[in-house]
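Numbering (the numbering used here), first residue to last: 1 to 223.
Just so you know, even glycine gets a beta-carbon here, dropped at the ideal spot from N, CA and C.
A quick note: this is a predicted structure, and the numbers were derived from the prediction, not measured.
Let me begin by presenting the structure, written as C-alpha cells, before commenting on it.
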C-alpha cells in the first residue's frame with residue numbers, strides 16, 4: 001500500500017500545478033454570475049466529471065487518437081489558445097442582456113466542458129504530460145505492476161475531487177466579493193484568458209517553427 005500512496009502522491013504533485021484549481025475557481029466565479037445555486041452546483045459537478053473523463057481518456061487512448069487524426073501537441077496548443085481568446089473576448093465585452101420572453105424556457109449554462117474543463121483545467125500542458133507519462137510508465141520498474149494499473153485512475157479521481165471541492169467553496173468567495181467584485185473578476189479573467197490564449201498560440205507556433213528548422217537544418221548548413 002505504501003507504493004500505491006507514493007505513486008498517488010507523485011501523480012498529484014505532477015498534475016495539480018498543471019490543472020491549477022484556483023484559476024478554474026476564478027473563471028467559474030466569472031462565468032457563473034447570475035446562476036442559481038443549483039445551477040452552480042450542477043456546473044461544478046459536470047466540470048469535475050469532465051476533467052476526470054478527459055484525463056482518463058487521454059491516459060488510455062490519447063496517443064492513439066492524436067496519431068489517428070494526425071494531431072500534434074503544438075496544434076493542440078494553438079486550438080486551445082483560439083478557444084481561450086474567443087471566451088476571453090466574450091467576458092471582456094459581454095453582450096447586453098436579452099429581455100426574457102414570457103413562456104420561453106431558459107437556456108441551460110454550458111460552460112462546464114469549455115472552457116472550465118478544457119482548456120482551463122485539462123489543457124494542452126496537462127494532456128501532453130499525461131500522454132508522455134502513459135508512454136514512459138510502461139517501462140517503469142520502480143513501482144509494482146498492480147500499482148501502475150490502479151494508481152492512474154485514482155490520481156485522476158482525486159484531482160477531479162479536489163477541483164469539485166474548490167468549485168463548491170466558490171459560493172463563500174462570491175458572498176465576500178459581492179456583485180461588483182464578481183464583475184471585476186469577470187473582466188480581469190477575460191483579459192487573462194485572451195493573454196493565455198495568445199500565449200498558447202505563440203508557444204504552438206514556436207514549436208512548429210522549431211520543428212521545421214530542425215527538420216531542414218541540413219539546408220541551412222554551408223556546402
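Own chain, CB closer than 7 Å to residue i, minus 5 neighbours either side, in chain order
i, result
"residue 186", "30, 33, 91"
"residue 56", "153, 156"
"residue 26", "185, 189"
"residue 144", "3"
Extent of the continuous alpha helix (DSSP H) to which residue i belongs
i, result
"residue 45", "37 to 57"
"residue 74", "73 to 92"
"residue 132", "124 to 136"
"residue 23", "21 to 31"
"residue 160", "145 to 168"
"residue 118", "Where residue 118 is concerned, there is no enclosing alpha helix (DSSP H), given that its DSSP letter is neither H nor E."
"residue 66", "63 to 68"
Through-space distance from residue j to residue i, alpha-carbon basis
i, j, result
"residue 207", "residue 19", "22 Å"
"residue 48", "residue 215", "40 Å"
"residue 22", "residue 161", "14 Å"
"residue 65", "residue 195", "29 Å"
"residue 128", "residue 73", "7 Å"
"residue 120", "residue 205", "20 Å"
"residue 170", "residue 85", "24 Å"
"residue 126", "residue 188", "24 Å"
"residue 175", "residue 111", "21 Å"
"residue 38", "residue 168", "11 Å"
"residue 93", "residue 69", "35 Å"
"residue 142", "residue 213", "37 Å"
"residue 209", "residue 181", "42 Å"
"residue 149", "residue 166", "28 Å"
"residue 1", "residue 203", "40 Å"
"residue 67", "residue 178", "47 Å"
"residue 211", "residue 50", "32 Å"
Supposed close pair residue i, residue j - CB separation, criterion 8 Å
i, j, result
"residue 124", "residue 190", "Not a contact, Cβ separation roughly 20 Å."
"residue 28", "residue 116", "6 Å"
"residue 163", "residue 24", "6 Å"
"residue 59", "residue 151", "Residue 59 to residue 151, Cβ: 11 Å. No contact."
"residue 78", "residue 201", "5 Å"
Selection from the options that minimises the alpha carbon distance to residue i
i, options, result
"residue 277", "28, 26, 40, 63", "Given a span of 1 to 223 for the chain in the structure shown, any question on residue 277 remains unanswerable."
"residue 153", "1, 11, 178", "11"
"residue 46", "200, 202, 133, 113", "113"
"residue 8", "200, 41, 156, 126", "156"
"residue 88", "178, 70, 193", "193"
"residue 71", "131, 144, 111, 184", "131"
"residue 122", "76, 5, 69", "76"
"residue 83", "213, 199, 211", "199"
Own chain residues within Cβ distance below 6 Å of residue i, not counting five before or after
i, result
"residue 101", "Confidence at residue 101 is low in this model, with a pLDDT of 48, below 50, so the placement of that residue should be treated as unreliable; the coordinate-derived value is given next. So the list is empty, once near-sequence residues are dropped."
"residue 40", "32"
"residue 172", "none"
Neighbourhood of residue i by C-beta distance below 8 Å, restricted to the same chain and skipping five residues each side
i, result
"residue 147", "3, 4, 7"
"residue 52", "156, 157, 159, 160"
"residue 183", "33"
"residue 16", "159, 162"
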